[in-house]
Amino acid sequence: MIQHFICLMIFFAANLGLVLPQSQTSQPMQTFATLEGTVINRAGGVIVGAKVTLTHIERGTSCVVQTNANGSFKIVDLPPGIYKIQIEAKEFESTVWEMNLGLGDMKGFTAQLKGGGFDYKKDENEEQDFIKNKILSVNSLKKDIKKNLPLGSSIAQVNEFLKQRSIEHSKLFIGDSDSDYPNEKNLRLIHTSIRNVRKGLLGNWGIFISFRFDENDHLIDYKVKWVGLT
38 MIQHFICLMI FFAANLGLVL PQSQTSQPMQ TFATLEGTVI NRAGGVIVGA
88 KVTLTHIERG TSCVVQTNAN GSFKIVDLPP GIYKIQIEAK EFESTVWEMN
138 LGLGDMKGFT AQLKGGGFDY KKDENEEQDF IKNKILSVNS LKKDIKKNLP
188 LGSSIAQVNE FLKQRSIEHS KLFIGDSDSD YPNEKNLRLI HTSIRNVRKG
238 LLGNWGIFIS FRFDENDHLI DYKVKWVGLT
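Below is the structure:
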């Protein structure tokens with residue numbers, strides 16, 4: 038269950054930020070905003086205990102929460118304004134960006150952190166080695182998607198494509214900003230990863246896929262890439 042937090046922004050104390058559990062009887066005011074998100078690694082696995090710092094740029098007030106067992110967090114009762122969001126986790130590279138929250142906004146995002154002992158440097162020779170040995174590779178998967186899942190395909194068709202290949206995937210993510218699509222608004226994405234495609238001296242390697250949809254839930258873009266797995 039996603040933990041709920043109330044971030045009390047004290048307007049007259051610029052350095053004070055408090056995070057308290059939400060009361061069962063409290064009701065967030067409609068004039069305030071809500072922000073929730075999930076923090077994952079490059080393999081698509083959730084990061085537990087990631088530190089999320091939210092700073093109201095104009096007021097200088099901040100609050101800090103940590104992701105729960107599902108890699109998720111939720112902050113409610115946020116005054117409108119432009120916020121700086123910083124996410125940190127042990128052994129991962131931190132990430133920082135800005136987001137505008139308006140009156141009554143309910144926004145979400147998935148943040149994907151680099152690091153965690155991963156090695157992302159894969160040269161063309163190694164990719165060719167996968168192809169030569171007829172092992173599932175980024176290129177072969179791209180060709181499979183291009184042939185059997187053309188742009189304009191529905192979410193149902195994408196789900197069926199993944200199901201036929203026994204590839205587990207996330208539910209549809211709706212929100213602003215994603216590591217694959219930074220600074221973009223109203224994203225509609227499905228993430229999936231294929232773990233342990235190959236084991237070797239370079240460690241375990243998997244393939245990460247992002248499917249992007251338009252407002253009518255038709256496929257408009259996808260990205261396929263190697264990821265190192267711990």
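Counting from 38, one number per residue, gives the positions in the sequence shown under the numbering used here. Here a beta-carbon is modelled for each residue, glycine too, at the ideal position from N, C-alpha and C. Computed from a predicted structure; not experimentally measured.
Query	Result
Kindly indicate which residue of N176, F250, D181, K184 has the alpha-carbon position closest to the one of K222.	F250
Determine, using beta carbons only, whether L226 and D217 come nearer to each other than 9 Å.	yes
With distance defined between alpha-carbon atoms, name the residue in E130, G82, G139 nearest to K88.	E130
Among all the DSSP beta bridges, which residues are the ones paired with V195?	Looking at the DSSP assignment, V195 forms no beta bridge with any residue, so it has no partner.
Is the segment 174-190 touching the segment 93-112 in the sense that three or more CB pairs, one from each, lie closer than 8 Å?	no
Just the Cα atoms here: how many angstroms apart are N220 and L138?	14 Å
Check for me: the alpha helix (DSSP H) holding L178 runs from which residue to which?	175-185
Which value, in whole angstroms, describes the spacing of the CA atoms of M66 and L72?	Residue placement at M66 cannot be trusted, given a pLDDT of 45 that sits under 50; what the coordinates show is reported in the next sentence. Each residue's alpha carbon lies about 14 Å from the other.
Could you check the C-alpha separation between I77 and I94 for me, to the nearest Å?	25 Å
Going along the chain, which residues of its own chain have a beta-carbon closer than 6 Å to the beta-carbon of E197, five neighbours each way excluded?	none
Give me the Cβ distance between L140 and I124, rounded to the nearest whole Å; I'm assuming they're in contact under 8 Å.	So it is not a contact: roughly 25 Å between Cβ atoms.
Provide the residue span of the beta strand (DSSP E) that contains N205, from first to last.	Per the sequence shown, the amino acid found at residue 205 is Glu instead of Asn. From DSSP, E205 is part of no beta strand (DSSP E); its letter is neither H nor E.
If we ignore side chains and look at the alpha-carbon of each, how far apart do I244 and I192 end up?	20 Å
Nearest to K183 by CA position, among V102, Q103, P117, V261, is which residue?	V261
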